[in-house]
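Asks: Residue numbers (UniProt numbering): 1 to 186.
Sharing a structure below in structure tokens format, with a few things to ask.
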């Protein structure tokens, strides 16, 4: 709810009266429209921050990389924690947990890419809450990529997890990443 004080309403009326009084042509009309935009934009800026917290952003995007170790392993059934945040508009990705939490309902797209670090398998899954949405496998120093688009409710979580019960070799050093963004808010 937008709350506007009496002095601000008086200021708007006075400014509009002045703009309309001075209108003599096209340029003045554009000036009038600009005044409206500035005044009502200012009202939203001044008052919204006091009454409505920013909890439902329109732009949500993140990119995080696995930095350490360069040649390491991830425990069986463990969530990969991409600790180096490159971008996190909307603050929906948590590098401490490796989990993205949807701030609003919408259609999202996610991509993860990883490189297997030694002989054996790297078997990663992209999860929505407890549901496996996509899977990919890499072996013997090869790479894998997982990508999927799906609908999330506000509060749903998305993460990348080792779906093997055994530890798997994984390359850090920025070669393994997880990204996602809101395509369409619903």
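The C-beta atom is built at its ideal place from N, Cα and C for all residues, glycine as well.
It should be emphasised that the depicted structure is a prediction, and the values quoted were computed from it without experimental measurement.
So, helix, strand or coil for residue 185, using DSSP?
Replies: DSSP places residue 185 in the strand class (E or B) of the three-state scheme.
Asks: I'd like the list of long-range same chain contacts for residue 49, defined as Cβ closer than 7 Å, with 5 residues on each side in sequence excluded.
Replies: Only weak support exists for where residue 49 lies, its pLDDT of 38 falling under 50; the value from the coordinates is given anyway. The answer is none, since no qualifying residue turns up.
Asks: If contacts are defined as beta-carbon pairs under 8 Å, then residue 127 and residue 158 qualify, I think. What distance do you get, rounded to the angstrom?
Replies: So it is a contact: roughly 7 Å between Cβ atoms.
Asks: Is it the case that the segment 138-152 contacts the segment 61-68, given that we only count it when at least three CB pairs across the two stretches are under 8 Å?
Replies: no
Asks: Roughly how many angstroms lie between the CA atoms of residue 129 and residue 169, to the nearest whole one?
Replies: Going by the C-alpha atoms only, they are around 24 Å apart.
Asks: Quick one: Cα of residue 133 to Cα of residue 125, how far?
Replies: 7 Å
Asks: Taking residue 63 and residue 177 to be in contact with their CB atoms under 8 Å, please state how far apart those CB atoms are, rounded to whole angstroms.
Replies: 7 Å
Asks: DSSP three-state label for residue 147, please.
Replies: strand
Asks: Cβ of residue 167 within 8 Å of Cβ of residue 74?
Replies: yes
Asks: On a CA-only basis, which of 95, 72 and 103 is nearest residue 120? Give me that one, please.
Replies: 72
Asks: Whose C-beta lies closer than 6 Å to the C-beta of residue 143 among residues of the same chain, with five residues either side of it excluded?
Replies: 115
Asks: With distances taken Cα to Cα, identify the nearest neighbour of residue 163 among 141, 87 and 137.
Replies: 137
Asks: Give the DSSP-derived three-state secondary structure of residue 130 in the structure shown.
Replies: coil
Asks: Need the endpoints of the beta strand (DSSP E) that residue 97 sits in, please.
Replies: It is not in any beta strand (DSSP E) - residue 97 carries neither H nor E in the DSSP assignment.
Asks: Using alpha carbons as the reference points, say which of 155, 76, 112 and 105 lies closest to residue 145.
Replies: 112
Asks: Is DSSP giving residue 111 helix, strand or coil here?
Replies: strand
Asks: Work out the CA separation of residue 105 and residue 181 for me, nearest whole Å.
Replies: 12 Å
Asks: From the DSSP output, read off the bridge partner residues of residue 87.
Replies: 63
Asks: Could you check if residue 92 is buried or exposed, using at least 16 other CB atoms within 10 Å of its CB as the buried criterion?
Replies: buried
Asks: Leaving out five residues before and five after residue 197 in sequence, what residues of the same chain have Cβ atoms less than 7 Å from its Cβ?
Replies: Lying outside 1 to 186, the shown extent of the chain, residue 197 is not represented and no answer is given.
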